[in-house]
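Enquirer: The structure is given below, and queries will be raised subsequently.
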Amino acid sequence: MDFTLSEEQEMLKTMARDFLTDKCPKTLVKAMEEDEKGYSPEIWAEMADLGWMGLVFPEEYGGSEMSFLDLSVLLEETGRACLPGPFFSTVVLGGLPILEAGSDEQKQEYLPRIANGEAIFTLALTEDNAGYDAASMRVKATADGDGYTISGKKLFVPDANIADYMLVAARTDEKAEDGITLFIVDAKSTGISHTVLKTIASDKLCEVVFDKVKVPKENILGEPNQGWELVKNIIEKATAAKCCTIVGAMELVLDMTVEYAKERKQYDRPIGSFQVIQHYCANMAIDVDGSRFSTYQAAWMLSEGKPCHKEVAIAKAWINEAFERFIALSHQIHGAIGVTIDHDLQYYTKRAKAATLTLGGSDYHREIVAREMGL
Amino acid sequence: MDFEFTEEQEKFRQEVRDFLEQEIKDGAWQPSCDAWIQGYSPEFTKKLSEKGWLGLTWPEEYGGQGRSHTDRLILTEELLRYGAPAACHWFADRQIGSGILRYGNDEQKKDLLPKIIAGEAYVGLGLSEPEAGSDLASLRTRATEDGDEYVIDGQKMWTSCGMFMNYIYVVARTDPEAPKHRGISEFIFPTDQPGVNIIPTIDITGSTAWAEVFFDGLRISKSCMIGEKNRGFYQVVNQLDYERAGLERLMGNYPLFDAIVKFVKETKWNGDYLSKDTLIRQKLAQLQVEFDIGRLLTYQVVMVMEEGRAPNIEASKAKAYSTAFEQHLASVAMDILGLYGQLVAESRYAPILGMAPHSYLGSKGYSLQAGSSEVLKNVIAARGLGLPAS
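Residue numbers (our numbering), protein chains in the order written: chain F, 9 to 383; chain Y, 206 to 595.
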């Protein structure tokens with residue numbers, strides 16, 4: 009038992025925090041909300057130079073052969089900084105699946121370009137009913153000569169507006185519920201169009217329409233009709249990864265809230281000297297610890313290749329609701345200033361809320377836990 | 206990072222489980238909630254002693270095993286999981302021993318520690334008083350110096366282990382003139398002597414696990430004082446960290462958790478198993494989520510202890526969280542059982558041994574004893590987060 013980071017991980021964390029403090033102030037976050045692309049290509053290039061995108065890839069693909077746990081540390085810092093842009097999409101939703109399921113040719117083709125910042129990836133998974141189950145996948149891929157033709161609509165696809173490639177989960181077998189194939193699709197292919205959805209966090213979730221998009225069969229990731237297993241694996245890792253970003257946000261918000269409680273004076277004393285505010289802060293601190301430990305438990309188990317359906321589900325089921333309690337208290341302590349658009353708190357409220365909605369709400373994850381309990 | 210126990214630790218866990226399962230099979234006891242604080246069994250305590258499982262972490266020179274806090278965590282986790290009757294030794298093993306090790310003199314260590322390890326000294330906790338609950342420093346029990354002796358007068362309340370203790374740990378005022386935190390000293394002495402009067406407290410469940418203890422001109426030797434005169438309050442604060450540090454705060458009613466999960470899997474109402482009901486699945490899964498979080502918070506406490514630090518803030522977090530979990534568990538179990546939830550153990554139709562109502566009522570006290578949740582949150586805020594004094 010050891011919940012602490014290694015020396016190398018602490019170094020990675022410090023480097024990431026220094027970099028993001030310098031390069032990703034809230035002025036950038038704000039600018040990127042209004043920006044059409046939603047990310048800064050200059051910072052993206054610097055992140056590539058730092059080796060962030062290829063962190064978990066083998067050296068032969070331009071990576072640094074670090075672990076999923078190391079990546080988790082980095083993701084936590086991106087959450088802390090509200091880093092805008094396609095890091096999560098590219099690395100977690102695109103890079104990891106190719107690393108794990110791609111053929112040698114596919115890995116050779118895509119991973120080095122992800123690592124050096126050339127290729128932006130995303131995953132087109134959810135559709136109209138916003139479900140994360142195989143039955144919800146209605147976008148169809150029909151065998152067509154040497155390849156497939158994909159038609160249909162995906163919703164809530166992150167960063168599709170700037171993606172060079174998308175992994176697309178499409179139905180290739182109508183008879184089996186999980187008759188899904190995963191394709192690597194060139195986002196510039198004829199027949200693909202996207203619309204950026206207006207969201208609370210202005211974070212470039214997109215509608216993506218596939219109108220008879222041709223994909224060569226070499227672009228199948230894994231095996232035809234066997235894609236759902238891969239998708240489940242992606243969802244599991246992405247869920248833990250998403251929790252890491254929320255943990256980062258929570259830690260920053262706790263610091264910010266406690267600082268404010270020490271400084272803000274009413275009735276001639278800091279509001280942090282009132283016991284009710286102290287107890288709010290204590291509740292927040294407990295929720296941060298619970299979120300942090302359960303998230304890292306899941307991330308560690310994934311990193312070690314241990315089965316952890318239950319632990320991942322526990323982490324997300326917990327953090328979704330812990331965050332709700334947590335952010336409500338933070339707003340209460342911040343008072344009215346915290347609900348203005350000029351205050352930093354609103355960035356976290358919006359982004360972390362979006363993150364709790366992504367990859368399964370608490371009911372969804374509790375059902376997984378129930379199954380794991382043998383209920 | 207490592208979220209698993211070592212192979213050796215898992216082996217120890219298995220050894221403990223094998224032993225406890227055999228004991229249950231032999232009919233030594235029936236798993237029950239709160240058995241760590243209510244389960245009186247000198248035989249069981251003696252058996253643990255023979256296993257070398259009392260004073261597990263204490264130095265070998267006093268008869269301990271010099272093992273890690275993690276090993277003790279594993280041992281207590283299994284004792285709680287199986288609802289084992291461990292109350293005779295629990296308090297001595299948990300906090301009195303470490304207090305003696307830290308503040309006692311060599312003679313006291315050589316006298317008391319081996320007795321605890323042998324499973325013969327059952328030490329009750331004489332902390333709270335009628336006018337001193339959360340505000341322990343307001344205690345009024347007096348220890349007046351008289352030659353080679355102290356004369357103890359006063360009243361203790363909520364003395365854990367009170368009905369079967371043969372020793373008591375007492376904090377008493379030794380300097381009534383000094384500021385209230387600076388006039389308190391710690392004592393340990395046998396209870397089987399004139400001047401000690403023990404009256405059971407019947408709690409909301411009907412249990413008599415706690416007692417009121419009256420001291421009336423009790424004369425004890427000066428050698429019963431632990432540590433420095435008038436420094437007792439500062440010594441006990443450290444001991445309280447250990448009192449709050451364990452898994453009993455999370456797992457006191459674990460047998461109920463096991464039982465209610467089993468109950469919904471095996472019980473059909475209206476033609477279908479309760480476990481198929483979406484709401485019941487959600488509620489029990491939520492308990493599992495909360496339980497796991499509590500387990501991690503408590504493991505963190507033990508890792509702090511392994512570093513040699515007193516687990517002050519961490520134990521406050523874990524205990525404040527975990528007692529709320531216990532209450533939630535009991536409340537969910539009652540809701541699932543519906544009308545049956547009110548049937549106590551002796552009732553003909555009582556499901557799962559009446560554990561739910563017992564725990565539902567009993568768990569209300571756990572967010573009060575050993576630091577109320579409010580006091581613990583004060584600790585988290587002031588010491589953990591550095592918020593200004595209120």
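Note that beta-carbon positions come from the ideal geometry of N, C-alpha and C, so glycine has one too.
1) Tyrosine 478 (chain Y) by DSSP, collapsed to three states: which one?
2) Going by other Cβ atoms of all chains shown within 10 Å of its Cβ, with 16 needed for buried, is methionine 19 (chain F) buried or exposed?
3) Is the CB of alanine 290 (chain F) under 7 Å away from at least one CB in chain Y?
4) Taking 6 Å as the cut-off, does the CB of arginine 454 (chain Y) come closer than this to any heavy atom belonging to the ligand GDP?
5) Assuming glutamate 319 (chain F) is part of the alpha helix (DSSP H), what are its boundary residues?
6) Can you grab the Cα-Cα spacing for the pair glutamate 41 (chain F) / threonine 198 (chain F), in whole Å?
7) To the nearest angstrom, report how far apart serine 159 (chain F) and alanine 523 (chain Y) are at their CA atoms.
8) Could you tell me whether any Cβ in chain Y is nearer than 7 Å to the Cβ of glycine 125 (chain F)?
9) Any idea what DSSP makes of serine 436 (chain Y), helix, strand or coil?
10) Measuring only the C-alpha atoms, how far is alanine 297 (chain Y) from leucine 259 (chain Y)?
11) Excluding the 5 residues preceding and the 5 following methionine 292 (chain F) in the sequence, name in chain order all residues of the same chain whose CB lies nearer than 6 Å to its CB.
12) Starting from the beta carbon of arginine 486 (chain Y), find every residue of chain F whose beta carbon is closer than 8 Å, and list them in chain order.
13) Which stretch, first to last residue, makes up the beta strand (DSSP E) that contains glutamine 360 (chain Y)?
14) Could you name the residues of chain F that aspartate 497 (chain Y) contacts, counting a contact when the two beta carbons are closer than 7 Å?
15) Within the continuous alpha helix (DSSP H) that includes histidine 287 (chain F), where are the two ends?
16) Just to check my reading of the structure: glycine 110 (chain F) and leucine 131 (chain F) have Cβ atoms closer than 8 Å, yes? What is that Cβ distance to the nearest angstrom?
17) Nearest CA to the CA of lysine 427 (chain Y): which residue from Y:Asn443, Y:Phe420, Y:Thr349, Y:Trp295?
18) At 8 Å on the CB atoms, spell out the chain Y contacts of lysine 270 (chain F), in chain order.
19) With three or more C-beta pairs closer than 8 Å as the rule, is the segment 252-266 of chain F touching the segment 554-572 of chain Y?
20) State the Cα-Cα distance for the pair glutamate 391 (chain Y) and alanine 233 (chain Y), rounded to the nearest angstrom.
21) May I ask you to report which of helix, strand or coil DSSP gives serine 426 (chain Y)?
22) Is any beta-carbon of chain Y found at less than 7 Å from that of valine 266 (chain F)?
23) With distances taken from CA atoms, which of F:Ala138, F:Leu205, F:Ser210, F:Ala143 is nearest lysine 183 (chain F)?
24) Please tell me whether isoleucine 242 (chain F) and proline 105 (chain F) are closer than 7 Å, where the distance is taken between their beta carbons.
25) Using a threshold of 7 Å, state whether the C-beta atoms of glutamate 511 (chain Y) and histidine 274 (chain Y) are closer than that.
26) In terms of residue numbering, what span does the beta strand (DSSP E) encompassing cysteine 214 (chain F) cover?
27) Look at the alpha carbon of isoleucine 349 (chain F) and the alpha carbon of asparagine 169 (chain F), and state the distance between them as a whole number of angstroms.
28) For glutamine 493 (chain Y), does the three-state DSSP call read helix, strand or coil?
29) Could you give the distance in angstroms between the alpha-carbon of lysine 206 (chain F) and the alpha-carbon of phenylalanine 496 (chain Y)?
30) State the start and end residues of the unbroken alpha helix (DSSP H) segment that holds arginine 588 (chain Y).
31) Tell me, please, whether the CB atom of tyrosine 459 (chain Y) is closer than 7 Å to any CB atom in chain F?
32) In chain order, what residues of the segment 549-568 of chain Y put their CB closer than 8 Å to some CB of chain F?
33) Using DSSP bridges, identify the partner residues of alanine 348 (chain Y).
34) Does the distance from the C-beta atom of histidine 386 (chain Y) to that of alanine 342 (chain Y) stay below 7 Å?
35) With three or more beta-carbon pairs closer than 8 Å as the criterion, would you say the segment 214-226 of chain F touches the segment 274-292 of chain F?
36) Cysteine 429 (chain Y) to glutamine 313 (chain Y), Cα distance in whole Å?
Expert: Quick look at the numbers:
1) By 1-based counting over the second sequence, the position of residue 478 (chain Y) is 273. Strand.
2) Locating residue 19 (chain F) in the first sequence gives position 11, counting from the first residue. Exposed: under 16 other Cβ atoms inside 10 Å.
3) Counting from one through the first sequence, the residue named residue 290 (chain F) turns up at place 282. Yes, alanine 290 (chain F) counts as interfacial toward chain Y.
4) Among the components of this structure there are no ligands whatsoever, and the ligand GDP is therefore not found.
5) As a working mapping, residue 319 (chain F) is identified with position 311 in the first sequence. Looking at the DSSP string, the run of the alpha helix (DSSP H) that includes glutamate 319 (chain F) is 317-342.
6) Here residue 41 (chain F) refers to the residue found at position 33 of the first sequence. Here residue 198 (chain F) refers to the residue found at position 190 of the first sequence. Spanning the two alpha carbons is a distance of roughly 28 Å.
7) Here residue 159 (chain F) corresponds to residue number 151 of the first sequence, with the count starting at 1. Here residue 523 (chain Y) corresponds to residue number 318 of the second sequence, with the count starting at 1. Answer to the nearest angstrom: the Cα atoms are 52 Å apart.
8) For this step, residue 125 (chain F) is matched to residue 117 along the first sequence. Glycine 125 (chain F) does not count as touching chain Y.
9) As a first step, residue 436 (chain Y) is located in the second sequence; it is residue number 231 there, counting from the start. A small fix is needed here, since residue 436 (chain Y) is arginine in this sequence, not serine. Three-state result, arginine 436 (chain Y): strand.
10) As a position in the second sequence, residue 297 (chain Y) is number 92, starting the count at 1. As a position in the second sequence, residue 259 (chain Y) is number 54, starting the count at 1. Near 9 Å, if we compare the C-alpha coordinates of leucine 259 (chain Y) and alanine 297 (chain Y).
11) By one-based count along the first sequence, residue 292 (chain F) stands at place 284. Correct list, in chain order: Leu262, Phe334, Leu337.
12) For this step, residue 486 (chain Y) is matched to residue 281 along the second sequence. Within 8 Å Cβ-Cβ: Arg374, Glu375, Ala378, Leu383.
13) On the second sequence, residue 360 (chain Y) is found 155 positions in, with the first residue counted as 1. Residues 354-365.
14) Residue numbering aside, residue 497 (chain Y) sits at position 292 when the second sequence is read from its first letter. What aspartate 497 (chain Y) touches in chain F: Ser302, Ile322.
15) Counting from one through the first sequence, the residue named residue 287 (chain F) turns up at place 279. First-last of the alpha helix (DSSP H) with histidine 287 (chain F): 283-311.
16) To locate residue 110 (chain F), count along the first sequence from 1; it is residue 102. To locate residue 131 (chain F), count along the first sequence from 1; it is residue 123. At roughly 14 Å, the Cβ-Cβ gap does not stay under 8 Å, so glycine 110 (chain F) and leucine 131 (chain F) are not in contact.
17) Start at 1 with the first residue of the second sequence, and residue 427 (chain Y) comes out as number 222. Residue Y:Thr349 is the option with its Cα nearest to lysine 427 (chain Y).
18) As a position in the first sequence, residue 270 (chain F) is number 262, starting the count at 1. Here the neighbours are Gly591, Leu592, Pro593.
19) no
20) Sequence index remark: in the second sequence, residue 391 (chain Y) carries index 186 (1-based). Sequence index remark: in the second sequence, residue 233 (chain Y) carries index 28 (1-based). Approximately 36 Å between the Cα atoms of the pair.
21) For the purposes of this step, residue 426 (chain Y) is taken as residue 221 along the second sequence, with counting starting at 1. If DSSP states are grouped into helix, strand and coil, serine 426 (chain Y) belongs with the strands.
22) Within the first sequence, residue 266 (chain F) is the residue found at index 258, counting from 1. Yes - at least one Cβ of chain Y is within 7 Å of the one on valine 266 (chain F).
23) As a working mapping, residue 183 (chain F) is identified with position 175 in the first sequence. Closest by alpha carbon: F:Ala143.
24) On the first sequence, residue 242 (chain F) is found 234 positions in, with the first residue counted as 1. On the first sequence, residue 105 (chain F) is found 97 positions in, with the first residue counted as 1. Cβ distance < 7 Å, so isoleucine 242 (chain F) and proline 105 (chain F) count as in contact.
25) One-based indexing of the second sequence puts residue 511 (chain Y) at position 306. One-based indexing of the second sequence puts residue 274 (chain Y) at position 69. In contact: glutamate 511 (chain Y) and histidine 274 (chain Y) (Cβ atoms closer than 7 Å).
26) For this step, residue 214 (chain F) is matched to residue 206 along the first sequence. From DSSP, the beta strand (DSSP E) with cysteine 214 (chain F) extends over 213-224.
27) Within the first sequence, numbered from 1, the residue matching residue 349 (chain F) stands at position 341. Within the first sequence, numbered from 1, the residue matching residue 169 (chain F) stands at position 161. Near 25 Å, if we compare the C-alpha coordinates of asparagine 169 (chain F) and isoleucine 349 (chain F).
28) Counting from 1 along the second sequence, the entry for residue 493 (chain Y) is found at position 288. Of the three classes helix, strand and coil, the one that applies to glutamine 493 (chain Y) here is helix, per DSSP.
29) For this step, residue 206 (chain F) is matched to residue 198 along the first sequence. For this step, residue 496 (chain Y) is matched to residue 291 along the second sequence. Going by the C-alpha atoms only, they are around 38 Å apart.
30) The count along the second sequence starts at 1 and reaches residue 588 (chain Y) at position 383. Here arginine 588 (chain Y) belongs to no alpha helix (DSSP H), and DSSP marks it neither H nor E.
31) The count along the second sequence starts at 1 and reaches residue 459 (chain Y) at position 254. Answer no: the Cβ-Cβ gap between tyrosine 459 (chain Y) and chain F never drops below 7 Å.
32) none
33) On the second sequence, residue 348 (chain Y) is found 143 positions in, with the first residue counted as 1. DSSP lists Y:Ile357 as partners of alanine 348 (chain Y).
34) In the second sequence, counting from the first residue as 1, residue 386 (chain Y) sits at position 181. In the second sequence, counting from the first residue as 1, residue 342 (chain Y) sits at position 137. Contact flag set, yes.
35) no
36) Taking the first residue of the second sequence as position 1, residue 429 (chain Y) is located at position 224. Taking the first residue of the second sequence as position 1, residue 313 (chain Y) is located at position 108. Computed Cα separation, rounded: 8 Å.
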